[in-house]
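Counting along the sequence shown from 1, when you hit position 192 you're at 191 in numbering that gives the first Met the number 0, and nothing is skipped either side.
Positions of the beta carbon are idealized from the N, C-alpha and C atoms, including for glycine.
Here's the structure, in structure tokens; my notes come after.
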Amino acid sequence: MSKTIQSIKGMNDALPIANKAAPIPTPVWLHFEAVVRDWLAAYGYEQMRTPVLEYTALFVRGVGEHTDIVEKEMYSFEDSLNGDQLVLRPEGTAGCVRACIEHGLLYNQTQRLWYTGPMFRHERPQKGRYRQFHQVGVEAFGFAGAEVDAELIAMLADLWQRLGLTGLQLELNSLGDVAERAAHRAELIAYLEKHVDILDEDGKRRLYTNPLRVLDTKNPALQEMAENAPRLADFLGEESRAHFARVRQLLDDAGIAYTLNDRLVRGLDYYNRTVFEWTTSELGAQATVAAGGRYDGLVEQLGGKPCPGVGFGIGIERLLLLLEVQGINPPASNPDVYLINDGDAAGRAAFGVARALRAAGLKVVLHAGGGSFKSQFKKADASGARYAVVIGESEAEAGTANLKRLTGDGGGEQITLPQAGLAAQILAAA
Ligand code: ATP
Ligand code: MG
């Protein structure tokens, strides 16, 4: 036998039942996706679908040249057909904005949009951090006011509730506008230059390219230096302050608690004003389950007419791991009927009965592959079906079937019915 081929490191399969190498089973994904669709519809968001492959330039311009994502995390390659520089998308906002501009969706109109799908980043795989992971992204375009910032944040609080999750925490900050950031940046660079001898490699490299990110460090040796750095909050002008105050007021009114974290800058370059993260203490280092903020300059940066934007991304795997940690299971979706049959004529009758039951709206597993009634009943039990329907050769000849309740009240009772009466009987007892 030749050697088997394995999946790529950091890129997971999802199976009907979890195992160690595929920790999140598909029923959990399906449950999450169903909740998410209802949730987004409740707020008037409409779906976008964009390709997984985009031109590299989109992310260099749209995410920022000096970000972790563009500097070291992108799966980039040259198209061997024509030499184009392509990447597997590392995030969804840039592609969504690209599509909106390309199709004229932002011309004198507002949009509330969402998407979901795989994202790709070349990171060190660990629990809650993968090379292929999935996001739900939500983006609102054309809204300059603070109420959409607050609504997006509150939407997430609502999603946690719909999923049954508890204990998630909200961190909030304002990054001000371009001019305010520039003024702060100049003072910050001057401050960092005074401490250049203690900066680590990343810090030195980013001092002039992305000084805010120097403060967003996990290096304990830099904590005190970062703590005493000039604060962006002190550079915010009247409008930025008013915008942020309004966001906080609406959250207060909604009873949504938050902590202000003036070190929250987010990894991506494009944010302004409101930024936020929802975090959990139950997943170790991979604490952030959703993150987002306002990005009023991005549309223009990608070649569109100026148009305000605000949005967030949810890390689906992290949320699904959290569901598991909190003991929240998806609702069971067992079949209604397991259809047991034995013999040539019985198999033929069962094939037709299964089709009729499904047409009546029931979920039916038709036993295939033969075997004794006893072994088929075992499979019926294991399937979790509410009923077994049994058709042997004599039932096939008589046009009847035996209906046996497998679960709940009346488990074990068995009655004989005409095949044509099965659906009504099962639906009436449901
Ligand atoms: P982190 O600081 O954990 O690397 P990030 O700031 O790079 O996160 P974003 O680009 O804001 O993450 O993406 C939004 C969300 O997507 C994150 O909050 C997280 O839940 C999830 N996410 C990001 N990278 C990964 C990954 N490699 N594997 C799984 N989920 C991820
Ligand atoms: Mg990251």
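- For Met154, the CB contacts under 7 Å within the same chain, skipping 5 residues up- and downstream, are Tyr42 in chain order.
- Bridge pairing for Tyr54: Leu85 [DSSP].
- Contact between the region 165-184 and the region 234-244 is present: 3 or more CB-CB pairs across the two stretches fall below 8 Å.
- Put simply, of Leu206, Gln125, Leu214 and Thr49 the residue whose alpha carbon is nearest the alpha carbon of Gly116 is Thr49.
- Distances from the alpha-carbon of Glu72 to those of Pro329, Leu80 and Arg128 put Arg128 closest.
- At a threshold of 7 Å, Asp67 counts as near ligand 2, since its beta carbon sits closer than that to one of the ligand's heavy atoms.
- Around the beta carbon of Ile339, 16 or more other beta carbons lie within 10 angstroms, which makes this residue buried.
- Linking Val213 to Gly254 through their CA atoms gives a straight-line distance of about 34 Å.
- For Met224, the enclosing alpha helix (DSSP H) starts and ends at Gln222 to Glu226.
- Of all C-beta pairs linking the region 312-325 to the region 346-364, fewer than three are shorter than 8 Å, placing the two stretches out of contact.
- In the DSSP assignment, Ala182 falls within the unbroken alpha helix (DSSP H) covering Val177 to Lys193.
- Phe76 has its CB no nearer than 7 Å to any heavy atom of ligand 1.
- Around the beta carbon of Tyr44, 16 or more other beta carbons lie within 10 angstroms, which makes this residue buried.
- Taken through DSSP and simplified to helix, strand or coil, His102 comes out as coil.
- Using a Cβ distance threshold of 8 Å, Val246 and Thr273 count as a contacting pair.
- Beta-bridge partners assigned by DSSP to Met118: Phe132.
- In this structure, ligand 1 has a non-hydrogen atom nearer than 7 Å to the beta-carbon of Gln134.
- Annotation: Gly202 is outside any beta strand (DSSP E); the continuous alpha helix (DSSP H) that includes it extends over Glu200 to Arg205.
- Rounded to whole angstroms, Ala379 and Pro124 show a C-alpha spacing of 39 Å.
- A distance below 6 Å between beta-carbons, with the five flanking residues on each side excluded, links Lys403 to the following residues of its chain, in chain order: Ala387 and Gln413.
- For Thr216, the Cβ stays outside the 7 Å cut-off from all heavy atoms of ligand 1.
- Cβ contact annotation for Gly94 (same chain, cutoff 6 Å, sequence separation greater than five): Thr49, Glu53 and Arg88, in chain order.
- For Leu250, the enclosing alpha helix (DSSP H) has its first and last residue at Glu237 to Asp252.
- Around the beta carbon of Asn81, fewer than 16 other beta carbons lie within 10 angstroms, which makes this residue exposed.
- Of the residues assessed, Ile425 falls on the buried side of the cut-off, its CB having 16 or more other CB atoms within 10 angstroms.
- Closest in C-alpha terms to Asp201, from the list Glu122, Asp67 and Gly310, comes Asp67.
- The alpha-carbon of Leu112 is positioned some 35 Å away from that of Lys19.
- Counted as a single uninterrupted DSSP element, the alpha helix (DSSP H) harbouring Phe350 occupies residues Asp343 to Ala358.
- Segment contact: the region 25-36 against the region 89-109, fewer than three CB-CB distances shorter than 8 Å; contact not assigned.
- In the DSSP assignment, the residues bridged to Lys403 are Ala387 and Gln413.
- Boundaries of the beta strand (DSSP E) harbouring Arg293: Thr287 to Arg293, taken from the DSSP string.
- By the neighbour-count definition (other C-beta atoms within 10 Å, threshold 16), Leu282 is a buried residue.
- Shown here, Thr258 sits in a strand according to DSSP, grouped into three states.
- In chain order, Leu155, Leu167, Leu169, Val288 and Ala289 place their CB closer than 6 Å to the CB of Trp277, counting only its own chain and leaving out the 5 sequence neighbours on each side.
- With respect to the C-alpha of Gly391, the residue from Ala17, His121 and Asn401 having the closest C-alpha is Asn401.
- Note on Gly411: under 16 other CB atoms within 10 angstroms of its CB, so exposed under the neighbour-count rule.
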